[in-house]
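There are 4 protein chains.
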Amino acid sequence: MNKVPFKGVIAYPVTPFDDNENVDISLFKKQVERLVTTGSHGIAPLGSTGVMPYLNDAEKEAVTEATMQQVAGRVPTLVGVSNLTTEKTVYHAQFAEKAGATAVMIIPMSYWKLTDDEIVKHYDAVASKISIPIMAYNNPATGGVDMSPALLKRLLEIPNVTMIKESTGDIQRMHYLRRELGEEVAFFNGSNPLALSAFSAGARGWCTASPNLIPELNIALYDAIQENDLEKAQRIFYKQFDLLKFIVAKGLPRSIKAGLDLLGVGGGGFKSPLKPLSENEIAELDSILSAIESEVYQY
Amino acid sequence: MNKVPFKGVIAYPVTPFDDNENVDISLFKKQVERLVTTGSHGIAPLGSTGVMPYLNDAEKEAVTEATMQQVAGRVPTLVGVSNLTTEKTVYHAQFAEKAGATAVMIIPMSYWKLTDDEIVKHYDAVASKISIPIMAYNNPATGGVDMSPALLKRLLEIPNVTMIKESTGDIQRMHYLRRELGEEVAFFNGSNPLALSAFSAGARGWCTASPNLIPELNIALYDAIQENDLEKAQRIFYKQFDLLKFIVAKGLPRSIKAGLDLLGVGGGGFKSPLKPLSENEIAELDSILSAIESEVYQY
Amino acid sequence: MNKVPFKGVIAYPVTPFDDNENVDISLFKKQVERLVTTGSHGIAPLGSTGVMPYLNDAEKEAVTEATMQQVAGRVPTLVGVSNLTTEKTVYHAQFAEKAGATAVMIIPMSYWKLTDDEIVKHYDAVASKISIPIMAYNNPATGGVDMSPALLKRLLEIPNVTMIKESTGDIQRMHYLRRELGEEVAFFNGSNPLALSAFSAGARGWCTASPNLIPELNIALYDAIQENDLEKAQRIFYKQFDLLKFIVAKGLPRSIKAGLDLLGVGGGGFKSPLKPLSENEIAELDSILSAIESEVYQY
Amino acid sequence: MNKVPFKGVIAYPVTPFDDNENVDISLFKKQVERLVTTGSHGIAPLGSTGVMPYLNDAEKEAVTEATMQQVAGRVPTLVGVSNLTTEKTVYHAQFAEKAGATAVMIIPMSYWKLTDDEIVKHYDAVASKISIPIMAYNNPATGGVDMSPALLKRLLEIPNVTMIKESTGDIQRMHYLRRELGEEVAFFNGSNPLALSAFSAGARGWCTASPNLIPELNIALYDAIQENDLEKAQRIFYKQFDLLKFIVAKGLPRSIKAGLDLLGVGGGGFKSPLKPLSENEIAELDSILSAIESEVYQY
Chain A
1 MNKVPFKGVI AYPVTPFDDN ENVDISLFKK QVERLVTTGS HGIAPLGSTG
51 VMPYLNDAEK EAVTEATMQQ VAGRVPTLVG VSNLTTEKTV YHAQFAEKAG
101 ATAVMIIPMS YWKLTDDEIV KHYDAVASKI SIPIMAYNNP ATGGVDMSPA
151 LLKRLLEIPN VTMIKESTGD IQRMHYLRRE LGEEVAFFNG SNPLALSAFS
201 AGARGWCTAS PNLIPELNIA LYDAIQENDL EKAQRIFYKQ FDLLKFIVAK
251 GLPRSIKAGL DLLGVGGGGF KSPLKPLSEN EIAELDSILS AIESEVYQY
Chain B
1 MNKVPFKGVI AYPVTPFDDN ENVDISLFKK QVERLVTTGS HGIAPLGSTG
51 VMPYLNDAEK EAVTEATMQQ VAGRVPTLVG VSNLTTEKTV YHAQFAEKAG
101 ATAVMIIPMS YWKLTDDEIV KHYDAVASKI SIPIMAYNNP ATGGVDMSPA
151 LLKRLLEIPN VTMIKESTGD IQRMHYLRRE LGEEVAFFNG SNPLALSAFS
201 AGARGWCTAS PNLIPELNIA LYDAIQENDL EKAQRIFYKQ FDLLKFIVAK
251 GLPRSIKAGL DLLGVGGGGF KSPLKPLSEN EIAELDSILS AIESEVYQY
Chain C
1 MNKVPFKGVI AYPVTPFDDN ENVDISLFKK QVERLVTTGS HGIAPLGSTG
51 VMPYLNDAEK EAVTEATMQQ VAGRVPTLVG VSNLTTEKTV YHAQFAEKAG
101 ATAVMIIPMS YWKLTDDEIV KHYDAVASKI SIPIMAYNNP ATGGVDMSPA
151 LLKRLLEIPN VTMIKESTGD IQRMHYLRRE LGEEVAFFNG SNPLALSAFS
201 AGARGWCTAS PNLIPELNIA LYDAIQENDL EKAQRIFYKQ FDLLKFIVAK
251 GLPRSIKAGL DLLGVGGGGF KSPLKPLSEN EIAELDSILS AIESEVYQY
Chain D
1 MNKVPFKGVI AYPVTPFDDN ENVDISLFKK QVERLVTTGS HGIAPLGSTG
51 VMPYLNDAEK EAVTEATMQQ VAGRVPTLVG VSNLTTEKTV YHAQFAEKAG
101 ATAVMIIPMS YWKLTDDEIV KHYDAVASKI SIPIMAYNNP ATGGVDMSPA
151 LLKRLLEIPN VTMIKESTGD IQRMHYLRRE LGEEVAFFNG SNPLALSAFS
201 AGARGWCTAS PNLIPELNIA LYDAIQENDL EKAQRIFYKQ FDLLKFIVAK
251 GLPRSIKAGL DLLGVGGGGF KSPLKPLSEN EIAELDSILS AIESEVYQY
């Protein structure tokens with residue numbers, strides 16, 4: 001087993017719906033194909049961008065299988081399988097493994113704030129039922145619980161838990177993680193506006209929905225870091241900063257779908273209660289994308 | 001249709017599980033019976049205390065039906081039917097109405113932060129599919145979105161939405177609500193440590209899990225307010241303050257189940273990842289309950 | 001020594017300046033006289049409302065002496081003597097005692113966040129140099145440090161420290177204080193929008209600048225509480241709620257001075273960088289005061 | 001006039017006191033000399049580290065003059081002259097200019113939260129009375145007001161205001177500043193744990209007290225950035241991270257003075273109510289400094 005199968009830019013597809021609010025698998029596959037061919041280093045369906053918590057079991061399974069079929073081993077896949085209950089998390093993790101996922105991502109979703117012991121038992125229960133690696137995902141804003149570095153350290157003692165995705169948006173947390181957990185810890189950044197800082201801090205990868213819209217810039221940032229060229233990385237980062245800020249401020253599913261529409265790819269519809277961006281917001285996104293277009297070949 | 005069918009103390013039962021993590025309907029009915037006979041003015045299954053988001057559809061339906069059978073019209077019932085998607089919220093609201101619920105409670109659950117327009121459409125869609133009243137529930141801590149007084153005003157324009165439950169824990173919000181929405185607005189307090197302040201501010205009722213443990217004190221507080229006897233209300237409130245603080249700090253399902261065990265009623269088990277209180281916490285709860293026992297006949 | 005010389009409504013005068021930004025002592029005395037004759041139970045110069053931190057030593061001393069002359073023993077006085085350094089706090093506390101103040105109020109001002117031990121030593125050093133009582137004032141928003149109930153308990157062990165003023169704006173804190181410190185603790189509320197809740201919770205008094213504008217309503221609220229008439233207290237509280245909210249939102253010195261101008265008393269000018277309310281804000285205040293005027297005789 | 005006279009590492013000396021709590025000018029000069037000779041690119045007396053707000057006028061003036069005498073033009077100087085009132089800020093700014101300061105630093109101190117207009121008028125009033133450049137300093141934690149990028153933009157329109165020091169500790173704010181204010185804006189980082197991220201984001205300099213303890217590492221970090229060697233910068237940053245975190249967590253004056261004692265330089269005493277670190281904290285600092293010592297020659 002390759003314990004840390006990811007590095008670089010891990011792209012998060014949306015989940016498009018048709019007019020009856022059913023998943024549009026055909027459009028989904030087209031979107032995934034585009035992410036692979038534009039150079040993303042990994043594909044992560046059923047993340048927050050993919051509105052996983054809003055899907056029923058059949059929809060999750062269809063999206064998982066469609067991803068495997070379309071990616072077809074060209075890059076590794078990371079499937080979101082988080083659920084409020086341990087039982088359902090195990091269920092989806094096992095499904096993902098069987099379907100061929102390279103790894104699964106798990107955030108400790110919590111309606112009731114979980115204790116550290118409850119979280120450890122939760123990961124442990126899932127890990128014991130699968131043999132692919134787990135990325136532990138910390139995002140207090142969506143998950144409702146903030147896993148401390150001490151807790152993450154405990155999770156990393158579970159053999160399958162080999163990667164951490166940090167989305168607190170606090171760069172100091174990443175520094176602290178690295179000092180506490182050691183230089184070898186595989187941590188991934190999940191906060192788009194922190195992309196430059198996180199790579200500077202030593203992040204192994206960037207989990208992001210933005211390759212749906214600006215794959216060249218995302219990958220160029222990672223390449224500049226690999227070349228140890230900070231000045232170039234800085235330049236490339238600032239070219240995409242307005243977009244990264246916009247998609248986070250307006251919500252990833254809404255923003256990415258609107259952007260895909262603007263780019264002619266097609267973003268697909270929504271599942272209620274989620275609705276599209278307003279006309280004004282779409283116009284703002286259009287002007288950000290146009291400004292990037294005109295700048296993008298200058299670096 | 002009675003548009004505001006509640007006042008006073010609305011009691012929230014837990015959902016007990018057996019050793020296989022299946023709902024223990026028999027114990028649940030016993031717990032509900034106790035809430036009714038000790039004088040609660042309404043029964044609210046499938047709330048946060050009832051760990052509704054952790055239950056599957058069959059479990060939610062079984063709990064709803066068991067409540068109706070046991071309460072048997074002695075007091076009004078308020079069934080929690082919230083769900084991330086509009087489709088499932090409609091489904092559960094219709095089930096509750098058909099089963100005989102007096103009203104339903106809906107919090108706009110949000111993994112992705114909903115806009116005001118999305119929230120209004122969500123309530124509107126549900127309201128148009130049922131004919132019993134809706135209590136709109138604001139609790140940023142568990143629901144992830146804080147509905148402003150302006151938004152609540154919009155919701156109250158939907159004919160079925162006739163009640164508001166406020167759980168921000170901020171008394172100033174209640175004052176503001178009452179000034180903005182008018183003296184006739186039916187607002188209910190969902191923050192236990194705010195019970196005295198909320199009644200002082202004019203709350204029509206108190207949504208609380210504490211009648212599982214100290215029904216006499218909860219109801220005595222309401223009675224003192226009805227008698228316009230602030231000094232007595234204050235005295236009664238401080239007798240129960242330590243308990244109210246404890247159950248909120250430690251989590252309602254864990255605390256109430258431990259308390260029911262201590263009282264000999266039986267609290268039932270948990271669904272993973274949720275686990276019981278620790279031994280130390282149970283001992284602390286025991287001493288709080290014992291102190292109340294010794295004081296309770298003094299007011 | 002009367003150890004707790006205050007109860008009821010403690011009124012905070014502003015400090016008016018002339019066109020050269022010098023204190024206008026004559027106008028100040030007129031404002032203080034009005035506070036005494038309209039029934040406030042105590043007068044507290046050099047509070048936040050009196051912009052104490054913006055005054056130099058000579059100005060503070062002139063304001064202190066003017067207060068003593070004007071009040072002339074008709075009600076007790078509470079002089080603000082807080083300072084970043086212990087040395088200057090002692091200096092001003094001794095000046096106040098010599099001038100005839102009934103008590104002094106001290107907030108642990110902190111540019112650098114003080115430790116609990118530093119705060120205790122600070123109060124202890126001042127207390128040992130004067131013989132009048134000290135009101136310890138907790139207001140994280142202006143003082144920069146939030147004194148825990150445990151710390152306040154330590155402060156109350158210093159013989160001179162006999163009163164607590166709580167301005168966190170969190171009613172749960174007041175409940176907790178009373179449970180932790182005992183029913184006999186003399187705690188005063190410093191958060192205007194919390195006036196009703198704080199009295200309901202057992203506060204002995206209300207430290208407020210609002211008697212500059214609506215003394216009858218402030219005192220009527222206290223009287224209703226004394227009469228144990230919660231319904232009346234609630235009615236009177238909601239009449240003044242909009243004003244209490246406004247003066248806190250816009251800043252007490254600005255709002256009170258504008259209000260005094262509107263009432264024809266004269267509020268006086270400001271010391272830079274502080275400036276008056278904008279025209280729009282003054283118009284909003286005017287309409288709030290007018291609405292109160294028309295309602296005020298109805299309770 | 002050189003409008004942006006700083007870049008690189010700007011070192012903040014402490015203000016040492018003797019046993020009678022008087023400023024120890026002789027020790028202060030020794031500390032400043034050490035900062036200059038170990039390579040700092042600028043010296044900034046009377047900052048937060050220098051406990052400026054706790055000093056009286058005479059003490060501030062003595063510290064300003066001692067700095068000028070000791071630095072003697074070898075590097076530029078940046079003198080803190082902030083005050084609650086505009087009048088005193090002008091006074092100290094003029095004193096600093098006359099004494100020979102290269103520039104002054106001004107934070108809008110606020111007991112009462114200032115409006116944007118009040119802040120602009122404040123800076124404008126000071127700027128019009130001096131002819132040296134002003135660094136506008138944003139630090140909500142100590143100053144009590146958070147200046148938005150829009151407000152900073154307005155301040156930069158005042159001719160003398162040519163530099164910004166950002167200490168919110170939020171790297172996204174720096175990115176936003178640079179996008180909003182243009183690549184040419186001279187912004188300085190004032191948050192120690194953000195040193196690497198801020199340089200990566202394009203900060204022109206780092207305002208820090210840490211050169212009192214680890215000047216080689218601080219300057220090496222800046223040099224690596226100048227060499228566009230991110231990997232080296234990262235390595236050097238992590239060597240000093242524990243110390244940067246410690247001095248911020250424990251308070252700069254306390255930590256730096258303890259560190260200077262440990263290094264044999266002598267930190268000097270405190271002015272009450274500020275007190276030294278505890279024994280345990282000093283031991284922790286000692287072990288952090290020792291760990292750095294043993295690592296420092298490895299990069």
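Chains as they are written, first to last, in full-length UniProt numbering: chain A, 1 to 299; chain B, 1 to 299; chain C, 1 to 299; chain D, 1 to 299. Positions of the beta carbon are idealized from the N, C-alpha and C atoms, including for glycine.
Cβ of residue i within 9 Å of any chain D Cβ
i	result
A/N189	no
C/E284	no
Separation of residue j from residue i, as counted between CA atoms
i	j	result
A/K166	A/G190	Per the sequence shown, the amino acid found at residue 166 of chain A is Glu instead of Lys. Near 6 Å, if we compare the C-alpha coordinates of A/G190 and A/E166.
D/T15	B/D242	47 Å
B/D223	B/G205	11 Å
D/P5	A/A44	48 Å
B/L263	B/R34	12 Å
D/V63	C/T77	39 Å
C/L155	C/M135	10 Å
B/I292	C/E216	40 Å
B/P211	B/R74	17 Å
Where residue i sits in the DSSP three-state scheme
i	result
B/Y123	helix
C/M135	strand
B/A72	coil
B/E166	strand
D/I130	coil
B/L289	helix
D/T77	strand
D/N56	coil
C/V9	strand
B/A186	strand
CB contact check: residue i to chain B, cutoff 9 Å
i	result
A/V63	no
C/R117	For the record, residue 117 of chain C in the displayed sequence is Asp; it is not Arg. So no, C/D117 is outside the interface.
C/A186	no
A/K7	no
Chain C contact for residue i (CB, 9 Å cutoff)
i	result
D/Y176	no
D/Y12	no
D/Y238	no
B/G169	yes
Interface flag, residue i vs chain A, CB-CB below 9 Å
i	result
B/P53	yes
B/T142	yes
B/K245	no
Could you tell me which whole beta strand (DSSP E) segments of length 3 or greater appear in the stretch 204 to 241 of chain B? Segments of the beta strand (DSSP E) lying fully in the stretch 204 to 241 of chain B: 205 to 208.
Residues of the stretch 191 to 224 of chain A with a CB closer than 8 Å to any CB of chain D: list them in chain order, please. Result list: P193, L194, L196, S197, S200, A201, G202.
Along the stretch 125 to 140 of chain D, where does the CB come closer than 9 Å to a CB of chain C? Name the residues. Taking 9 Å as the upper bound on Cβ-Cβ separation, chain C lies near residues A125 of the stretch 125 to 140 of chain D.
For the stretch 81 to 93 of chain B, list every residue whose C-beta sits within 8 Å of some C-beta in chain A, in sequence order. Cβ contacts with chain A: L84, T85, T86, E87.
The stretch 252 to 282 of chain B: positions lying closer than 7 Å to chain A by Cβ: Under the 7 Å Cβ criterion, the stretch 252 to 282 of chain B contributes P253, K271, S272, P273, L274, K275.
Compile a chain-ordered list of the residues in the stretch 98 to 116 of chain D whose CB is closer than 9 Å to at least one CB of chain C. So the close ones are P108, M109, S110, Y111, W112, K113, L114, T115.
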